[in-house]
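Protein chains in written order, with our numbering: chain F, 1 to 248; chain P, 1 to 324.
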């Protein structure tokens, strides 16, 4: 199976603290990978390294089998990787449309923005995501939105860019049941279109439901990887996770 | 809420700060008009405002970009003089004034890049680092010129003079250039990738970085833009008065900053208004000249400056707190 991205023995330190220690991870085309681990295991650091927000001290990154040098956030997005960050990565004083196109604006030559086109696309996207309030349109500031709606904007951004791999960092955090279900539906849709998802969560039940494969992270190290077909239930996954971490 | 109301609400929400500044400007004009109608009708009063106004426009508009990006700069008031000095000595040395202007502007951009690099790369506080640069650059100018001014009467016969600051059927050309600059900056700020990235960086630089925006580059460019604006302002003033003064620009430091905030750009970054800043400049320029013009003693000037600035800021408070 073709892998979209692969991290090989990546180490990331913050001052004296080793946040990632020779961690390796890959995501194949069309699969949903669940990244699990305790708080502070390094899940967010791992994905921020993966998408070029952090520069690792050691290790290699491969995109579709090709090694990349000077990896950064823009290059990751240009290679078809979109991320819904834990903090949503939004600018609350700016409009929904500016947030959706942040960093990847639709441009005319010389850098002027295709404003109309962006607004039309954004309006279409927010209806697609399920914004029903007539008071909210593409030009409303994100700061007026609820937590679920803000998550919707972050997801709309990932959808718009038609990414091959979508990374969701704790996407169901602080969401209502209804909103959580929307996130799951979204993951299903991505999977059906043969694209990949890397799903980070601490709710094992959520991760279990939607993932094909699990990667367990503990204190910056990848300690176990297993396929869903080898596990019977979320409880079993939880037990495996607890045992591996205890042994580690 | 009915639809009509929400449309008006929307317009107010999007342009509230600019409309607010316009309101204060109109109010100030009315006060002067009622207070001293005769003085206010005299055209030479407005002419003297129009000498000051373009220079302030060139200084203030780039500052809106910088403040919206979440930074501040004080060194522009000295960059203003350094660029004008480079221009003046090159003209004195017999170099083509058009080249001298370009050299002056490049000097401004280079100083801006240096200030930006100190702040962004070496992570110095923008307030303190630019304060240091303000004194350092002024000190260099005073040392180089030995506090003497440079007169460049020879510029009068050159095409650049009439082209940039000449009279076009009684209309000062600098007003035309300043207007063009405002229109350009309006589009740059709200319809161009540079301006939009400025908003994102000032609003939430972590988010901007995660979305692949080069935050450092955007900020350094904003500092360079302030340097360019200061250089243009300095060169225009030198052209208008045929003279470079070593203390030139120092008086604009606080007035230009006041115009940014009176114009409705909040200090916290992520928001800004070009149109508002133009009214902010109008308020500051008329305030400086108007109080004397209507016959009050010059000793009242600072008092009224302060009063108007505070009232304007209180008014802008109505547009609300920062949303997070």
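Glycine included, C-beta positions come from ideal geometry on N, C-alpha and C. On a predicted model such as this, the values are computed, not experimentally measured, just so you know.
Taking CB distances under 7 Å as the criterion, tell me whether residue i reaches chain F.
i: residue 47 of chain P; result: no
i: residue 193 of chain P; result: yes
i: residue 133 of chain P; result: no
i: residue 213 of chain P; result: yes
i: residue 203 of chain P; result: yes
i: residue 324 of chain P; result: yes
i: residue 263 of chain P; result: no
i: residue 272 of chain P; result: no
i: residue 199 of chain P; result: yes
i: residue 29 of chain P; result: no
i: residue 2 of chain P; result: The predicted model places residue 2 of chain P with a pLDDT of 43, which falls under 50 and marks its position as unreliable; any figure quoted below should be read in that light. Taking Cβ atoms only, chain F never reaches closer than 7 Å to residue 2 of chain P, which makes this a no.
State buried or exposed for residue i, treating a residue as buried only when at least 16 other CB atoms are found within 10 Å of its CB.
i: residue 248 of chain F; result: exposed
i: residue 65 of chain P; result: buried
i: residue 302 of chain P; result: exposed
i: residue 78 of chain F; result: exposed
i: residue 237 of chain F; result: buried
i: residue 177 of chain F; result: exposed
i: residue 273 of chain P; result: buried
i: residue 54 of chain P; result: buried
i: residue 33 of chain F; result: buried
i: residue 221 of chain P; result: buried
i: residue 17 of chain P; result: buried
i: residue 286 of chain P; result: buried
i: residue 174 of chain P; result: buried
i: residue 98 of chain F; result: buried
i: residue 318 of chain P; result: exposed
i: residue 264 of chain P; result: buried
i: residue 108 of chain F; result: exposed
i: residue 171 of chain P; result: exposed
i: residue 99 of chain P; result: exposed
i: residue 179 of chain P; result: exposed
i: residue 43 of chain P; result: exposed
i: residue 165 of chain F; result: buried
Could you give the first and the last residue of the continuous beta strand (DSSP E) run that contains residue i?
i: residue 24 of chain F; result: 17-28
i: residue 3 of chain F; result: 3-14
i: residue 222 of chain F; result: 221-227
i: residue 214 of chain F; result: 213-218
i: residue 142 of chain F; result: It is not in any beta strand (DSSP E) - residue 142 of chain F carries neither H nor E in the DSSP assignment.
i: residue 62 of chain F; result: 58-63
i: residue 35 of chain F; result: 32-36
Cβ closer than 9 Å: which chain P residues qualify as neighbours of residue i?
i: residue 148 of chain F; result: Within chain P, no residue comes near residue 148 of chain F; the closest Cβ sits about 17 Å away, beyond 9 Å.
i: residue 98 of chain F; result: 196, 199, 200
i: residue 151 of chain F; result: Under the 9 Å cutoff, chain P gives no residues; its nearest Cβ is about 14 Å from residue 151 of chain F.
Which residues in chain P have a C-beta closer than 8 Å to the C-beta of residue i? List them in chain order.
i: residue 165 of chain F; result: Neighbours of residue 165 of chain F on chain P: none; closest Cβ ~15 Å, over 8 Å.
i: residue 225 of chain F; result: Correct list: empty, because the minimum Cβ distance to chain P is about 26 Å.
Which residues in chain P sit within 7 Å of residue i, going by Cβ to Cβ distance?
i: residue 105 of chain F; result: 193, 196
i: residue 53 of chain F; result: 209, 210
i: residue 77 of chain F; result: 212
i: residue 238 of chain F; result: None at all; the shortest Cβ gap to chain P is about 31 Å.
Residue i CB to nearest chain P CB: under 7 Å?
i: residue 249 of chain F; result: Residue 249 of chain F lies beyond the stretch modelled for chain F, which goes from 1 to 248, so this question has no answer here.
i: residue 113 of chain F; result: yes
i: residue 143 of chain F; result: yes
i: residue 74 of chain F; result: yes
i: residue 213 of chain F; result: no
i: residue 118 of chain F; result: no
i: residue 94 of chain F; result: yes
i: residue 102 of chain F; result: yes
i: residue 198 of chain F; result: no
Show which residues of chain F have a CB atom less than 7 Å away from the CB atom of residue i.
i: residue 207 of chain P; result: 89, 90, 91
Kindly examine the ligand GTP and report whether one of its heavy atoms sits closer than 6 Å to the Cβ of residue i.
i: residue 122 of chain P; result: With respect to the ligand GTP, the structure offers nothing, as it holds no ligand at all.
In the DSSP assignment, the alpha helix (DSSP H) including residue i goes from what residue to what residue?
i: residue 260 of chain P; result: 252-262
i: residue 286 of chain P; result: 274-293
i: residue 76 of chain P; result: 76-92
i: residue 97 of chain P; result: 97-120
i: residue 135 of chain F; result: Segment: none, residue 135 of chain F is in no alpha helix (DSSP H) and carries neither H nor E.
i: residue 234 of chain F; result: 234-247
i: residue 197 of chain P; result: 193-203
Mind pulling the alpha helix (DSSP H) runs of 4 or more residues that sit fully within the segment 85-117 of chain F? Those alpha helix (DSSP H) runs which fall completely within the segment 85-117 of chain F and span 4+ residues are 96-100.
Length at least 3, wholly inside the segment 132-185 of chain P: the beta strand (DSSP E) runs in chain order: List check, beta strand (DSSP E) in window: nothing returned.
List, from N- to C-terminal side, the beta strand (DSSP E) runs of 3 residues or more that fit wholly inside the segment 26-50 of chain P. Complete beta strand (DSSP E) runs here, min 3: none at all.
What alpha helix (DSSP H) runs, 4 residues minimum, are completely inside the segment 147-222 of chain F? Residue ranges of uninterrupted alpha helix (DSSP H) with 4 or more members, entirely inside the segment 147-222 of chain F and ordered along the chain, are 147-160, 177-192, 204-210.
Which complete alpha helix (DSSP H) runs does the segment 297-321 of chain P hold, if anything under 4 residues is left out? Note on the segment 297-321 of chain P: whole alpha helix (DSSP H) runs with a minimum of 4 residues are 301-317, in chain order.
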